[in-house]
Every structure is written in C-alpha cells, then in structure tokens.
Amino acid sequence: MDSTEKQKALYKRTLFVVSISQVFGGAGLAAGVTVGALLAQKMLGTDAFAGLPSALFTLGSAGAALFVGRLSQRYGRRIGLTAGFMIGGLGAIGVIMAAIMNSIFLLFASLLVYGAGTATNLQARYAGTDLANRKQRATAISMTMVFTTFGAVAGPNLVNVMGDFALTIGIPSLAGPFILAAAAYILAGVVLFTMLRPDPLVIARMIESTNIKSRGHLAATEQTESKRGIIVGATIMVLTQIVMVAIMTMTPVHMRHHGHDLGSVGLVIGFHIGAMYLPSLVTGVLVDKLGRTVMAIASGVTLLLAGLLSAFAPGDSMVLLIIALSLLGLGWNFGLISGTALIVDSTKTSTRAKTQGKVDVLIALSGAAGGGLSGMIVAGSSYLTLSFIGGIFSLLLIPVVIWSRREK
Numbered sequence: 208m209d210s211t212e213k214q215k216a217l218y219k220r221t222l223f224v225v226s227i228s229q230v231f232g233g234a235g236l237a238a239g240v241t242v243g244a245l246l247a248q249k250m251l252g253t254d255a256f257a258g259l260p261s262a263l264f265t266l267g268s269a270g271a272a273l274f275v276g277r278l279s280q281r282y283g284r285r286i287g288l289t290a291g292f293m294i295g296g297l298g299a300i301g302v303i304m305a306a307i308m309n310s311i312f313l314l315f316a317s318l319l320v321y322g323a324g325t326a327t328n329l330q331a332r333y334a335g336t337d338l339a340n341r342k343q344r345a346t347a348i349s350m351t352m353v354f355t356t357f358g359a360v361a362g363p364n365l366v367n368v369m370g371d372f373a374l375t376i377g378i379p380s381l382a383g384p385f386i387l388a389a390a391a392y393i394l395a396g397v398v399l400f401t402m403l404r405p406d407p408l409v410i411a412r413m414i415e416s417t418n419i420k421s422r423g424h425l426a427a428t429e430q431t432e433s434k435r436g437i438i439v440g441a442t443i444m445v446l447t448q449i450v451m452v453a454i455m456t457m458t459p460v461h462m463r464h465h466g467h468d469l470g471s472v473g474l475v476i477g478f479h480i481g482a483m484y485l486p487s488l489v490t491g492v493l494v495d496k497l498g499r500t501v502m503a504i505a506s507g508v509t510l511l512l513a514g515l516l517s518a519f520a521p522g523d524s525m526v527l528l529i530i531a532l533s534l535l536g537l538g539w540n541f542g543l544i545s546g547t548a549l550i551v552d553s554t555k556t557s558t559r560a561k562t563q564g565k566v567d568v569l570i571a572l573s574g575a576a577g578g579g580l581s582g583m584i585v586a587g588s589s590y591l592t593l594s595f596i597g598g599i600f601s602l603l604l605i606p607v608v609i610w611s612r613r614e615k
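The numbers in the sequence shown follow my numbering, run straight up by one, and end at 615.
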C-alpha cells in the first residue's frame, strides 16, 4: 500500500495477464459470431430466424454479465472472469453436440450458455482499469482490447480449417469453429486463474481505503458515484451495440445469398472484428486526450457511414463489404471505449464490479434485441433496409452526448 512503484508494476502485470487471456477470448468469440447464423439457418431451413443464435448467446451473455459482475465484486476479478470463460467453453461444447445430434433445442440452450464467454470477454476490459488513474483508464481499456484482435481475426479465418477438421472426425463442418471456441475459452480461464494474482480489484479497494483514511473527506469526495455519468456511458454502449450486432449478424447470410463462400464470409467478418479491436490502442489515447464525449460523437458518425455503405454496396462487392463492416467495427470501438471510460470514471471501487456487470447486462440485452430483430427485418424487407435503419439509429448518440454536456 505504501509503494507506488509496486502498484505500477502490478498495474503492468495485470494488463499483461488480461491481454493474454483476451487473445484466447477473442478467438472463442469470433468463431461463434461467424457461423452461428449459418448453423441455425441450415438446421431450421429458413432465414427468418437466422438472427436468433446471435440473440440467444447475447441474451445468455446478459445473465452471465450480472453473474460475473457480482462474483467479481465479492471474490475479485480472478474468480469472476475464470468462471465466466469456463462456462462459455461448456456452452461451445454443447453447440457441437447439438450439431452432431441435429437438436434445435440443445443448440438454443447451448448458445445461451456460450454467451457467458462473450460477457466475460467484455468484462475483462474492466480488470485493466482497476489500478489505472483517470488519465490512463481509456488507454488501459484499449491495451487489453487490442490483444483480442489476434484471436478475433484468427477465429473467422480458421473457419474453413476447423470445418475440414470437424468433417474428418465425423462432426458437421459448421460446428468446427465451436471446437476452437471451446478450447479458446477454457484456455482463457486457465490463464486468468493461474496468473491474475494478486487480484487487481482487491488491491484497488485497499488503496482506496488507505487513501480515505489518510486524506479524509477530500479522498472520499473524489470517490463518489455519478449516476448521470453511468447513464450516459451505458446509453452510448447500448446504442452502438444494437447497431453493430444487427448489421453484423445478417451480413454472412446476405453474402451467402450473393454467392460468397464460407472463406469469403470469414474474411469479411475477420476485417470487421479486427476493426472492433485493433484500433483500440489509438482510440484509448484519443479518448483520454480529446475526451469521452468527442469520441462518442465520432462513434455515431462512423456507424452512420457504415450503415449507409452496407445498405447501398452491391452484394457481390467484397471490397465495399469489407470497408462497410470495418467502419461498423470502428464505430463500435469508439463507442465502447468512450462509454466504458465514463462508467469507470463514475463508479467507486466498493461497487464498481457490480455496477459494471449491470451495465453489461443492458449492453447484452440490446445486442440480443438487435440480433433477434435483424433476421425478421431482412426476411420482411431486405438487408438494405436493415443497414439503413441501423445507420440512422446511430445518430441518437449525438443528442445523448449533447444532453450530458448541457447538464454539466
């Protein structure tokens, strides 16, 4: 508690350990995103419910976010994050079994459990901020997220390889990526359980308690919770999640209708997920330097461009689809990091993990709504309509941010 140097060393070690886990977590997340809709489409024989897998594992991630947040609040980040990744791995194994047995019921139940990995992958970003000061928080978030890129980009591009491997052992090819997801999530849990010691959230609480005792009223005032900041940060992340999930979910189905093979789908989703995470290091610095609100507005504008380009790009144009989905990922990246930094700024360590879990529940539910409605919109109208609505919807970010500035 008395050594600033040891605190800095622990901060760096925490970022390193969380970053390693994010490599595996990203691979587990990306594999399911790439082929989940295609697997349901094949088993159900219709496009109308192709968005349901995304909705289910996003809905599952909502419950898991609350569970992981509460577990982290009580026992620390190490236990909470480890449990979340392990449960996600079990869900991926369930999806594989569902594909083998051709069981829709088991598929849907397993996708709910698989969502725990998605929630945990997102919650891990908070662990890097526990020991960061206010001017480091967005950068700390970005450093953990950027390592997700390695796994997230590798996952979709291993779709064909894992599909071929699955066929050689008698498993349907579309279940192959979930073999990767199961192994990746379980490895992420093992890394955190063995290496995330001492626990950063536990240490952060002790530091805060020590500061309050030594500095009295001033330190206690600095640690008060801002409900307005939590509301604005949550709203930014919810809106960006709805737009991103809705368009992303139906892009693989849209591409298959225009004759693209599974490898092409994996390439486009790989660029998209890369854009979600790879710019994080720069985004974090920009959020810390330019401010949370400026980058939230940039998120809305970027998502608008992504929606319009997705809507009007020819379905057979790989280049335009890659650009559109990359912009979609970048806009989400801007919104997630600026919103997350606002949440961390507005909470105190005694309730932080629990509050972060509740916020991530809202993010997950909004993603579930976006994923579930996307298939219905496309089935009832078109991919163009879905993308156009998503782009326009993202503009709601701007009045939210303006309102928060006026209140200040």
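Don't be surprised by glycine CBs; every beta carbon is placed ideally from N, CA and C. Remember, it's a predicted structure, so these values are computed and weren't measured experimentally.
Going by beta carbon distance, what residues of the same chain come within less than 7 Å of A520, once the five residues before and after it are set aside?
Excluding sequence neighbours, A520 sits near L527, L528 and A531.
Alpha helix (DSSP H) containing D371: first to last residue?
Note, D371: alpha helix (DSSP H), V366 to T375.
Exposure label - F231; buried when at least 16 CB within 10 Å:
Buried, because 16 or more other Cβ atoms sit within 10 Å of the Cβ of F231.
Taking C-alpha atoms, which residue in S601, L251, I376 and L446 lies nearest to A513?
The residue from S601, L251, I376 and L446 with its alpha-carbon nearest to that of A513 is S601.
CB-CB under 6 Å to A262, same chain, minus the five flanking residues each way: which ones, in chain order?
Exclusion of the five residues before and after A262 leaves A575, G578 and G579 as the residues of its chain whose Cβ lies within less than 6 Å of its Cβ.
Per-residue DSSP class, three states only, for Q343:
It is coil, neither helix nor strand.
I want to know whether the segment 286–293 touches the segment 340–359 - three or more CB-CB distances under 8 Å.
No: fewer than three Cβ pairs fall under 8 Å.
Contact the segment 502–509 vs the segment 293–310: 3+ CB pairs below 8 Å:
No, because fewer than three Cβ pairs between the segment 502–509 and the segment 293–310 fall closer than 8 Å, the two stretches do not touch.
Hey, how far is the Cα of N340 from the Cα of A411?
Using only the alpha carbons, I get a separation of about 11 Å.
According to the neighbour-count rule (16 or more other Cβ atoms, all chains shown, within 10 Å of its Cβ), is N309 buried or exposed?
With fewer than 16 other Cβ atoms within 10 Å, it is exposed.
Inter-stretch contact (C-beta, 8 Å, three-pair minimum) for the segment 266–285 and the segment 373–386
Between the segment 266–285 and the segment 373–386, the count of C-beta pairs closer than 8 Å stays below three; the two stretches do not touch.
At the level of alpha carbons, what is the spacing between G538 and T447?
The alpha-carbon of G538 is positioned some 7 Å away from that of T447.
Restricting to Cα atoms, I'd like to know which of S589, L403 and L572 is closest to G335.
Distance from the Cα of G335 is smallest, within the candidate group S589, L403 and L572, for L403.
Just to confirm my understanding: we take T356, look at its own chain, exclude 5 residues before and 5 after, and list those with CB closer than 6 Å. What are they?
G481, Y484 and L485, listed in sequence order.
Around the Cβ of L332, are there at least 16 other Cβ atoms within 10 angstroms (buried) or fewer (exposed)?
Here residue 332 is Arg; the residue named in the question, Leu, does not match the sequence. Answer is buried; the Cβ neighbour count reaches 16.
Exposed or buried, what is M451 when buried is set at 16 or more other beta-carbons lying within 10 Å of its beta-carbon?
By the 10 Å Cβ count, M451 comes out buried.
Given a cut-off of 7 Å, decide if T554 and T562 are closer than it, judged by their beta-carbon atoms.
Taking 7 Å as the Cβ cut-off, T562 and T554 qualify as a contacting pair.
Quick check on D567: does DSSP put it in helix, strand or coil?
D567: helix per DSSP, three-state reduction.
Within the same chain, show all residues whose beta-carbon is closer than 6 Å to that of V409, passing over the 5 residues directly before and after it, in chain order.
Within the same chain, V409 has close Cβ partners G283.
With a floor of 4 residues, list each alpha helix (DSSP H) that falls wholly inside the segment 241–315, ordered by position along the chain.
Within the segment 241–315, the complete alpha helix (DSSP H) segments of 4 residues or longer fall at 259–282 and 284–308, listed in chain order.
Outcome for L374 when other beta-carbon atoms lying within 10 angstroms are tallied against a minimum of 16
For L374, the number of other beta carbons within 10 angstroms of its own is below 16, and it is reported as exposed.
C-beta atoms of L488 and M502 nearer than 7 Å:
Result no, Cβ atoms of L488 and M502 do not sit closer than 7 Å.
Under the three-state DSSP convention, the category K561 falls into
DSSP places K561 in helix when its eight states are reduced to three.
Where D552 falls: helix, strand or coil (DSSP)
The DSSP-derived three-state label of D552 is helix.
Going along the chain, which residues of its own chain have a beta-carbon closer than 6 Å to the beta-carbon of T556, five neighbours each way excluded?
Contacts found: A411, R412 and E415.
Straight-line gap, Q229 to P363 (C-alpha atoms, nearest Å):
Rounded to whole angstroms, Q229 to P363 spans 16 Å at the Cα level.
Roughly how many angstroms lie between the CA atoms of G466 and G473, to the nearest whole one?
Rounded to the nearest whole angstrom, the CA to CA distance from G466 to G473 is 14 Å.
Nearest-angstrom Cα separation, counted from R344 out to S611
Take the alpha-carbon of S611 and the one of R344: they are about 20 Å apart.
Tell me whether L510 sits in a helix, a strand or coil according to DSSP, three-state version.
The answer is helix: DSSP assigns L510 an H, G or I state.
Would you kindly check if the distance between the Cβ of A453 and the Cβ of S581 is under 7 Å?
Their beta carbons are under 7 Å apart, which means S581 touches A453 by this criterion.
Just to confirm the assignment, what range does the alpha helix (DSSP H) spanning D209 have?
According to the DSSP assignment, D209 belongs to no alpha helix (DSSP H), since it is labelled neither H nor E.
Own chain, CB closer than 6 Å to V475, minus 5 neighbours either side, in chain order
Same-chain partners within the cutoff: L528, I529 and L532.
Around the Cβ of L497, are there at least 16 other Cβ atoms within 10 angstroms (buried) or fewer (exposed)?
With a 10 Å radius around the Cβ and a threshold of 16 neighbouring Cβ atoms, L497 comes out exposed.
Nearest-angstrom Cβ-Cβ length linking D337 and P407, presumed shorter than 8 Å
About 4 Å; that satisfies the 8 Å criterion.
In or out: A234 buried (at least 16 other Cβ within 10 Å) or exposed?
With 16 or more other Cβ atoms within 10 Å, it is buried.
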